[in-house]
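Chemist:
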Amino acid sequence: MKVVITGGTGFIGRRLAQRLLQRGALAGPDGRETGIDELVLFDNAPAQPPIPPNNRLKIVTGDIADRDTVRRLIDASTGTVFHLAAVVSGQAEADTDIGYRVNLDGTRAVLEACRALGTRPRLVFASSLAVYGGDMPPAISDETPLTPQTSYGAQKAIGELLINDYSRKGFIDGRCLRLPTIVVRPGRPNRAASTWVSSLFREPLSGVEVVCPVSRESVMACLSPRRLVAAMERVHDLPGERFGYSRTVLLPGISATVAEMVEALRRAGGEAAVKRIRWQPDAVIQKIVDGWPRAIVAKRAEGLGIHADADIDEIVRAFIEDDLSAQKALVAAG
Ligand SMILES: NC(=O)c1ccc[n+]([C@@H]2O[C@H](COP(=O)([O-])OP(=O)(O)OC[C@H]3O[C@@H](n4cnc5c(N)ncnc54)[C@H](O)[C@@H]3O)[C@@H](O)[C@H]2O)c1
Numbered sequence: 147m148k149v150v151i152t153g154g155t156g157f158i159g160r161r162l163a164q165r166l167l168q169r170g171a172l173a174g175p176d177g178r179e180t181g182i183d184e185l186v187l188f189d190n191a192p193a194q195p196p197i198p199p200n201n202r203l204k205i206v207t208g209d210i211a212d213r214d215t216v217r218r219l220i221d222a223s224t225g226t227v228f229h230l231a232a233v234v235s236g237q238a239e240a241d242t243d244i245g246y247r248v249n250l251d252g253t254r255a256v257l258e259a260c261r262a263l264g265t266r267p268r269l270v271f272a273s274s275l276a277v278y279g280g281d282m283p284p285a286i287s288d289e290t291p292l293t294p295q296t297s298y299g300a301q302k303a304i305g306e307l308l309i310n311d312y313s314r315k316g317f318i319d320g321r322c323l324r325l326p327t328i329v330v331r332p333g334r335p336n337r338a339a340s341t342w343v344s345s346l347f348r349e350p351l352s353g354v355e356v357v358c359p360v361s362r363e364s365v366m367a368c369l370s371p372r373r374l375v376a377a378m379e380r381v382h383d384l385p386g387e388r389f390g391y392s393r394t395v396l397l398p399g400i401s402a403t404v405a406e407m408v409e410a411l412r413r414a415g416g417e418a419a420v421k422r423i424r425w426q427p428d429a430v431i432q433k434i435v436d437g438w439p440r441a442i443v444a445k446r447a448e449g450l451g452i453h454a455d456a457d458i459d460e461i462v463r464a465f466i467e468d469d470l471s472a473q474k475a476l477v478a479a480g
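Count the sequence shown with my numbering and you get residues 147 to 480, in order.
Right, dumping it as structure tokens:
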């Protein structure tokens, strides 16, 4: 079967692609393990760094909000779509039109293309903790009401509702994952308000100075890309009936203060790495971060066999093993 990953050349898309090529199969529409003959990464940006060629892999460039393009992309041989294409929180907030076009119209284009197949393909959608906001309990859970306080959060919440409805109507067999911040993101900082968390590990470990814009007491719930990809495979393969009335699963994450992150950095990279942090408070970023959930209680995910990293050290270790040498090469290239 053909598997499509939208936003496929992005951070998570390429991780997932690597894993799917390695496994070579996923649950097919009938639930049985089915070989992946073709894996299509769809994106409007080229893969940077380039993705190693593979005879089952195809990269298609286009705009997710263009319905004709998406119809051609998601064709009769498509058994599964991982819908990850999005503009991130900072950009969706700064440019309302782009945010709604990519994050809402793009999602509708994907859903309509899946519906047109008439084969009820599986679809996994990457939602976000940004669906929560305002006055929140100390720990968010599957029962916490959705009160997004950003356009990005609103777009993700709408996406979740659409996927529930299209699944209820039998157009797709959908699942949504609410992602905490995925750490450590390799490459360069992006426009997400949370970008500094990855920078805090990535830059010092690759010999580069970093600015930390928030206080040592700030708290963030994080998950490693390894654990996320495992969760995506798991929810994809479960039978649709396991989800009942809600197709959404809040993912677990471990909460760590910035001070605890710095201690983990010290354990991994020594005093020299810690000395590369410059503390430069930014009131705007601090306010955004203070408005985010401090902890997650993800009972539903745990019940489905999805688990967080054991501690922040596991997250740092995954970065060192999977990405640090490529990151150092990127730094050396300038
Ligand atoms: N990384 C995280 O911490 C995190 C947290 C919560 C939710 N998410 C969600 O997970 C998904 C993947 O995130 P990521 O970290 O890999 O982000 P990313 O920015 O690396 O990947 C998103 C991809 O979407 C592509 N894209 C943007 N506009 C497009 C368009 N018009 N047409 C086609 N492609 C387009 C981008 O080029 C990019 O490659 C996103 O939906 C994001 O909102 C990520």
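Just so you know, even glycine gets a beta-carbon here, dropped at the ideal spot from N, CA and C.
#1: Give the single residue among G208, F188, R337 and P371 whose Cα lies nearest to the Cα of F228.
#2: How many Å lie between G451 and W438 at the Cα?
#3: Just verifying my parser: in three-state terms, what is the DSSP assignment at V354?
#4: Beta carbon of S361: closer than 6 Å to some heavy atom of ligand 1?
#5: Kindly indicate if chain C contains any beta-carbon less than 7 Å away from that of S235.
#6: Whole alpha helix (DSSP H) runs in the region 390 to 421 with 4 or more residues, listed along the chain?
#7: Can N201 be considered in contact with ligand 1, in the sense that its beta carbon sits closer than 6 Å to one or more heavy atoms?
#8: Based on DSSP bridge pairs, tell me the residues matched to A251.
#9: Reducing DSSP to helix, strand and coil, say where M366 ends up.
#10: For the pair the region 262 to 275 and the region 218 to 226, tell me if three or more CB-CB distances fall below 8 Å.
#11: Could you name each continuous beta strand (DSSP E) segment of 3 residues or more that falls completely within the region 177 to 209, going from the start of the chain to the end?
#12: Given 8 Å as the limit, is there contact between the region 342 to 361 and the region 411 to 423, that is, 3 or more CB pairs closer than that?
#13: With H, G and I counted as helix, E and B as strand and the rest as coil, what does DSSP make of D319?
#14: From this set, P192, G280, R334 and P198, which residue's C-alpha is nearest G208's C-alpha?
#15: Please work out which residues of its chain come closer than 7 Å, Cβ to Cβ, to G390, disregarding the five sequence neighbours upstream and downstream, and give them in chain order.
#16: What's the C-alpha gap between R218 and V206?
#17: Ligand 1 and L257: does the residue's C-beta get closer than 6 Å to at least one heavy atom of that ligand?
#18: What three-state label does DSSP hand A231 in the structure shown?
#19: When every heavy atom of ligand 1 is checked, does at least one fall within less than 6 Å of the C-beta of N190?
#20: Let me check understanding here. Comparing Cα to Cα, which of G280, R337 and G316 lies closest to G245?
#21: Tell me the DSSP bridge mates of S274?
#22: Looking at C-beta atoms only, is the number of pairs between the region 394 to 404 and the region 443 to 457 that lie closer than 8 Å three or more?
Modeler: Quick look at the numbers:
#1: F188
#2: 25 Å
#3: The answer is coil: DSSP assigns V354 none of H, G, I, E or B.
#4: no
#5: Looking at the structure shown, chain C is missing, and only one protein chain is on hand.
#6: 404 to 420
#7: no
#8: With the sequence shown as reference, residue 251 is identified as Asp, and Ala is not the correct amino acid for it. DSSP, once it has assigned bridges, lists no residue as partnering D251.
#9: Of the three classes helix, strand and coil, the one that applies to M366 here is strand, per DSSP.
#10: yes
#11: Under the rule that a run must span 3 or more residues, the beta strand (DSSP E) segments found entirely inside the region 177 to 209 read 179 to 181, 184 to 189 and 203 to 207.
#12: yes
#13: strand
#14: Ranking the options by Cα distance to G208, first place goes to P192.
#15: Same-chain partners within the cutoff: there are none.
#16: 11 Å
#17: no
#18: Residue state, collapsed to three classes: coil.
#19: yes
#20: R337
#21: BP columns for S274 point to L325.
#22: yes
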